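Student: Sequential numbering of the sequence shown, starting at 0, is according to numbering that gives the first Met the number 0.
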Amino acid sequence: MKHITLLGICLIVLLQFNSLLVVAQQTDTLVQLTPAQEKSLKQVSLENYKAFKASVKPLIAKMSTKQIVGLGEGTHGTAEFYQLRYYISRILIEEKGFNHVAFENDAAEMWLLNQQLNSTADVAILMKKYMMGIWQNKETKELLDWIKTYNQSHVRKVSVHGIDYPVQKPDIEMLTLLFKKAGISVFNNALLSLSAAANVQDEAWFGMNQKGFKTDWKTLNKLCGQAYVTVDSIQQQIRGLDIATDIKSDLLLALVNLKQGFEPFYPKAKYVSRDSLMAHNTSLIIKSKDDKVIIWAHDAHLGKKEVYDNAVGGTGKHLLKLFPNNYFVLGTATAVGEFGATTDARAVNTSVMSPYALEVPIKDSWEALLSTSPKSSHYFFTDSFSPKPLVKPQRFVGYGTKSGVSLYDKVNLAELYDAFLFIKQTHAPTKL
């Protein structure tokens, strides 16, 4: 089966920390914000867009100087994180020249959605077809509805993108449309074989959410191993073709994602990490110095270094290598309330996100410390928050239903983020 590419599974399967280990890591004894730290916290208004915008002017001023802005989320299911990222994205687009919004979602699916976003198509239907369950909420729809309206009255359009690669069939659909647009028919037979492999792989991927499903590993290994070689060959040929730059770029995006999905089934393939590929996919969005990208993804990915002993994340680190001094990342966290999650083993388009109660933050965690402020919603710039490097456990909740001690990792916020937004009590997103 392909690499487990979704954050929640990484946290649950690969990184099961028992409570004794995490508690043993808690060597800092600071349980109350110092006066200097409290002073560095800037109150955030959640009342409405206008009030929020006024409360984050210094934050917007700093992040808007960069070409890429990462807007993180401490859970894959918090309504306020979606809502406030929509507000920030709107400000950056309207006032700071940003023109791309990228999601932690399959790249080909978002490409297909973007082709139809400015049409008469219903946005909710597009979201259910092309976006994972974690994005299928009214808060995210508010952003897409706004972009659709914005594009109707502006010459410079805003486009939406995906930077991930969990499914394969959308890549085949994307390639088919692009080959037709470019008048290329030489790969038609190859597309048929690739489509067969993609169908088998996606069937297995979605099947992991079905009780009693059995994967046909023999067929999967055979078809997908051959498909990797086919994609590699097509990729080399496309690079040498004299075709429109935008079409070639999109073709290579689909091929790179297909290749990465088939890679586990080809023993001779060179391993490429998920996060380095997400950074690469982001780089393909930028075609000129005027392109500016906003990314919506999990804190663990957008942070400037890996977490969980370098086992998870690092997209931000790779982006900084590709775009030195041109990336700003905002981390987010919450303490109590509820969050949306799914019991599915794989977060896919059909995953249903239901509300679950957040467990109380563990003692001496960042969430516990920041909760001691009388400001229930605030942000701060991490480099000025503390006079010394301070390391504490931070909670990284994926799309799964757990929110307890096993999901914490001990981090220094300044090493991961440029700024941090904290909302003490939050809610699960509103389903479409």
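Heads up, the beta-carbon is just placed ideally off N, CA and C, and yes, glycines get one too.
Keep in mind that this is a model prediction, so the values were computed, not measured.
Mapping DSSP to helix, strand and coil, what is Glu-358?
Tutor: Three-state DSSP puts Glu-358 in coil, outside helix and strand.
Student: Out of curiosity, what's the CA-to-CA distance linking Gln-114 and His-160?
Tutor: Straight-line Cα distance between these residues: approximately 10 Å.
Student: Taking the alpha-carbon positions, what's the Leu-431 to Gln-135 distance?
Tutor: C-alpha separation (whole angstroms): 6 Å.
Student: By the 10 Å Cβ neighbour count, where 16 or more other Cβ atoms means buried, how is Ile-428 classified, buried or exposed?
Tutor: It is Pro, not Ile, that sits at residue 428 in the sequence shown. Buried, because 16 or more other Cβ atoms sit within 10 Å of the Cβ of Pro-428.
Student: Would Arg-155 be called buried (16 or more neighbouring beta carbons within 10 Å of its own) or exposed?
Tutor: Answer is exposed; the Cβ neighbour count stays below 16.
Student: Can you name, in chain order, every residue of its own chain whose Cβ lies under 6 Å from the Cβ of Asp-289, other than the five neighbours on each side?
Tutor: Here the set comprises nothing.
Student: Where does the unbroken alpha helix (DSSP H) through Asn-256 begin, and where does it stop?
Tutor: Run containing Asn-256: 244 to 261, per the alpha helix (DSSP H) assignment.
Student: Using the beta-carbon count (16 or more within 10 Å), is Glu-337 buried or exposed?
Tutor: The residue in question, Glu-337, is buried, as its Cβ has 16 or more Cβ neighbours within 10 Å.
Student: Report buried or exposed for Leu-420, applying the criterion of at least 16 other Cβ atoms within 10 angstroms of its Cβ.
Tutor: Classification for Leu-420: buried.
Student: Helix, strand or coil, according to DSSP, for Arg-238 in the structure here?
Tutor: If DSSP states are grouped into helix, strand and coil, Arg-238 belongs with the helices.
Student: Have a look at Glu-358, Pro-392 and Lys-423 and flag the residue whose alpha-carbon is nearest the alpha-carbon of Gly-403.
Tutor: Ranking Glu-358, Pro-392 and Lys-423 by Cα distance to Gly-403 puts Glu-358 first.
Student: Report the option in Gly-76, Gln-66 and Ala-107 whose CA atom is closest to the CA atom of Ile-92.
Tutor: When each option's Cα is compared against that of Ile-92, the closest is Gln-66.
Student: Considering only their Cβ atoms, is the gap separating Glu-46 from Ser-372 smaller than 8 Å?
Tutor: Going by C-beta atoms, Ser-372 is not nearer than 8 Å to Glu-46.
Student: With DSSP as the reference, label Arg-155 as helix, strand or coil.
Tutor: Of the three classes helix, strand and coil, the one that applies to Arg-155 here is coil, per DSSP.
Student: Which full runs of the beta strand (DSSP E) of 3+ residues lie inside the stretch 42 to 95, going along the chain?
Tutor: As far as the stretch 42 to 95 is concerned, its whole beta strand (DSSP E) runs of at least 3 residues are 67 to 70.
Student: Around the C-beta of Asn-370, are 16 or more other C-beta atoms found within 10 angstroms, so that it is buried, or is it exposed?
Tutor: Correcting the residue type first, residue 370 is Ser in the shown sequence and not Asn. By the 10 Å Cβ count, Ser-370 comes out buried.
Student: So what does DSSP say about Val-390, is it helix, strand or coil?
Tutor: It is coil, neither helix nor strand.
Student: Any idea what DSSP makes of Lys-288, helix, strand or coil?
Tutor: Of the three classes helix, strand and coil, the one that applies to Lys-288 here is coil, per DSSP.
Student: In terms of alpha-carbon separation, which member of Glu-138, Leu-412, Asn-208 and Gln-424 lies closest to Glu-500?
Tutor: Any property of residue 500 remains undetermined from this structure, which presents the chain solely from 0 to 431.
Student: So Met-173 packs on Ala-120, CB below 8 Å; how close in whole Å?
Tutor: That belief does not hold up - the Cβ atoms of Met-173 and Ala-120 are roughly 17 Å apart, past 8 Å.
Student: Kindly list the residues whose CB is nearer than 6 Å to the CB of Tyr-85, restricted to its own chain and excluding five residues on each side of it in sequence; keep chain order.
Tutor: Result list for Tyr-85: Glu-141 and Leu-142, in chain order.
Student: If you reduce the DSSP assignment to three classes, tell me which class His-279 lands in.
Tutor: It is helical.
Student: Does DSSP classify Thr-400 as helix, strand or coil?
Tutor: Residue state, collapsed to three classes: coil.
Student: Give the single residue among Tyr-227, Lys-303 and Tyr-407 whose Cα lies nearest to the Cα of Phe-264.
Tutor: Ranking the options by Cα distance to Phe-264, first place goes to Tyr-227.
Student: Using C-beta distances below 7 Å, list every residue in its chain close to Thr-229, excluding the 5 sequence neighbours before and after it, in chain order.
Tutor: So the list reads Ala-189, Ser-192 and Leu-193, once near-sequence residues are dropped.
Student: Could you have a look at Tyr-378 and say whether DSSP puts it in helix, strand or coil?
Tutor: Residue state, collapsed to three classes: strand.
Student: So, at 7 Å on beta carbons, what are the nonlocal neighbours of Leu-252 in its own chain, with the 5 sequence-adjacent residues on each side left out?
Tutor: Correct list, in chain order: Ala-106, Asn-280 and Leu-283.
Student: When the distance is taken between beta carbons, is Ile-90 closer than 8 Å to Lys-147?
Tutor: In this structure, Ile-90 does not lie closer than 8 Å to Lys-147 by Cβ.
Student: Could you check what DSSP says for Gly-224 in three-state terms: helix, strand or coil?
Tutor: The answer is helix: DSSP assigns Gly-224 an H, G or I state.
Student: So Val-55 and His-377 are supposed to be a Cβ contact under 8 Å. How far apart are they, rounded?
Tutor: Actually they are not in contact, since the Cβ atoms of Val-55 and His-377 sit about 10 Å apart, beyond 8 Å.
Student: What's the gap between the Cα of Phe-327 and the Cα of Phe-379?
Tutor: Their backbone Cα atoms lie some 14 Å apart in a straight line.
Student: Taking its Cβ as the centre, do 16 or more other Cβ atoms sit within 10 Å of Gln-209, making it buried, or is it exposed?
Tutor: Answer is exposed; the Cβ neighbour count stays below 16.
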